[in-house]
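Student:
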Amino acid sequence: MDASWQELRDRGFRILFLGLFSMAIAFIIYSRLSMPSGVPIESSQLTNMAYAILAVTAASMAAALYGAYSIFRSEKTRTANTDKLVAFITGAFSDKKYWKIMVVAAIGYGVFFAFLSQILVYRPDVSFVQRGIAVPSFEIIPCCGAPGYMPIFSVYFTDNFLLLVIPVNVILASVVSIMVGFNVAMSVYAYQLSRMVQARTSLVGGIGMTTGLFVGCPTCAGSMVSAVLGLGIAGAGASTSALASFQTVFILASIPALAVAPFLLARSIRSISRCRVK
60 MDASWQELRD RGFRILFLGL FSMAIAFIIY SRLSMPSGVP IESSQLTNMA YAILAVTAAS
120 MAAALYGAYS IFRSEKTRTA NTDKLVAFIT GAFSDKKYWK IMVVAAIGYG VFFAFLSQIL
180 VYRPDVSFVQ RGIAVPSFEI IPCCGAPGYM PIFSVYFTDN FLLLVIPVNV ILASVVSIMV
240 GFNVAMSVYA YQLSRMVQAR TSLVGGIGMT TGLFVGCPTC AGSMVSAVLG LGIAGAGAST
300 SALASFQTVF ILASIPALAV APFLLARSIR SISRCRVK
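Here the sequence shown is numbered in the working numbering, starting from 60 and rising by one per residue.
1. Can you tell me whether DSSP reads V185 as helix, strand or coil?
2. Please say whether I225 and A109 have beta carbons closer to each other than 7 Å?
3. Count the other CB atoms within 10 Å of the CB of P321; is the residue buried (16 or more) or exposed (fewer)?
4. For S153, does the three-state DSSP call read helix, strand or coil?
5. Mind checking Y181: buried by the 16 CB within 10 Å criterion, or exposed?
6. Do you know how far the Cα of N228 is from the Cα of S186?
7. Kindly indicate which three-state DSSP category M120 falls into: helix, strand or coil?
8. Return the bridge partner residues of M209 from the DSSP annotation.
9. So, with DSSP's three-state summary, where would you put S196?
10. Can you tell me whether DSSP reads F216 as helix, strand or coil?
11. Given a cut-off of 7 Å, decide if S133 and W64 are closer than it, judged by their beta-carbon atoms.
12. What's the call for V163, buried or exposed, on a 16-neighbour Cβ count within 10 Å?
13. Given a cut-off of 7 Å on the beta-carbon distance, is the pair M238 and L317 in contact?
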């Protein structure tokens with residue numbers, strides 16, 4: 060049994076690091092090749108390379124996600140029937156119902172996140188057709204920018220609605236949405252468990268639930284900055300580049316809080332479980 064969980068964990072870490080490493084290397088190589096230099100690259104070659112980078116990014120994200128899931132499974136096996144906090148985190152997902160809650164919450168938050176971070180862009184004040192853009196259509200901008208910000212892939216669904224894929228934004232959106240869904244599922248589990256034993260959650264547990272439900276709104280901070288600066292929808296396009304660095308900081312700052320929240324919730328769940336045993 061020990062060899063089994065350790066092998067699963069080691070394999071999970073290898074897959075996770077391979078996914079992250081391949082993604083980082085792909086971004087760095089593409090950035091160096093696509094930036095203007097003394098030897099220009101033909102447009103067709105750069106476009107093909109851009110599509111390849113998007114494919115590598117998608118595959119690397121899938122690999123990293125599978126690696127993280129494998130690590131989660133190994134921890135569930137290793138800590139089964141123990142009193143460790145990790146056991147209460149993994150134990151919350153023994154019921155498939157909470158996986159479903161996680162998926163629904165992650166997708167719901169992901170859509171909300173996408174609109175606020177301008178992955179999904181609705182511009183009622185702008186007509187893409189009047190700007191000479193065919194609808195529906197798609198295009199790729201292969202050059203030029205910092206690693207992870209290029210290439211940009213755009214899909215024009217309607218005259219006012221488009222999908223804007225910037226690799227770094229999509230990666231952060233995916234990570235944060237999954238973590239928010241994870242915390243929401245754990246919060247629901249802790250709440251339902253507390254109702255079963257008719258016990259009030261502790262202050263720490265309450266903080267954990269609140270954190271799990273609301274801390275995952277990093278783009279709200281970006282929107283607040285935009286509102287303070289007086290930048291409405293009409294000025295969003297012009298302000299995107301100016302706020303992009305701040306937006307990334309807000310999102311990255313939320314990830315540690317989202318990582319800590321499950322342990323706060325696990326403390327609450329452990330306390331409730333002990334009351335249940337008594």
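The beta-carbon is built from N, C-alpha and C at its ideal position, and this holds for glycine as well. Bear in mind that the values here come from a model prediction, so they are computed numbers and not experimental data.
Tutor: Inspection of the coordinates gives the following:
1. In the structure shown, V185 sits in coil (DSSP, three-state: anything other than H, G, I, E or B).
2. Their beta carbons are not under 7 Å apart, which means A109 does not touch I225 by this criterion.
3. So P321 ends up on the buried side.
4. For S153, the secondary structure class from DSSP, reduced to helix, strand or coil, is coil.
5. When all chains shown are included, Y181 counts as exposed.
6. Pairing S186 with N228, the inter-Cα distance amounts to about 24 Å.
7. In this structure, DSSP gives M120 a helical state, which the three-state scheme calls helix.
8. Per DSSP, P206.
9. In this structure, S196 counts as strand in the three-state DSSP scheme.
10. Coil, per DSSP.
11. It is a contact, given that the beta carbons lie within the stated cut-off.
12. By the 10 Å Cβ count, V163 comes out exposed.
13. Between M238 and L317, the CB-CB gap stays under 7 Å.
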